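The sequence shown begins at 1 in the numbering used here and counts up one residue at a time. Beta carbons: idealized from backbone N, C-alpha and C, even for Gly. These numbers were taken from a predicted model, which means no experiment stands behind them. Below is one structure; the comments refer to it alone.
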Amino acid sequence: MLTTISKIFGYNNYTNWNILSNKFHTSYIKLLQQHWRMKKGLTENPNAFGPLTNMADYSYKDGRPTPLCTNQKRRMLKQQEYAKRIHKLVKEIDYAVERDIKLQEMKAQKQQRILDSKLKPKGDLLLKTKKPTT
């Protein structure tokens, strides 16, 4: 019997043997081998996403919109919250990048002002560079 269970459910060393010996069990969902779903790029839970969960259960012939189901509305609100948060975080990143660019420009301008103020000709060099006004 254990070999049949192991072939069907693919149990491993983490299986609770007490459940098997007392013939009382709960769901073996976590023990099902669903590696093929991951290989094909599907979600682990097929009920989490797809046309059965995302689309309306029915439609009217005259084209009226159908009311949203409870889970559809919840998912929609959750996605809106995600979009708001992403938008906020992108704004913060854009602000930080612009601020960094401005700070670098200000630093370069300050260094240029310092260099311009340091290198001034004095004395005889100043008189030689000036042209006579007459």
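Here DSSP, grouped into helix, strand and coil, assigns Y58 to coil.
The Cβ-Cβ distance between N47 and T53 falls below 8 angstroms.
Pairing T70 with S59 gives a Cβ-Cβ distance that is not under 8 angstroms. Boundaries of the alpha helix (DSSP H) harbouring A83: 70-118, taken from the DSSP string. In the DSSP assignment, K40 falls outside any alpha helix (DSSP H) and carries neither an H nor an E.
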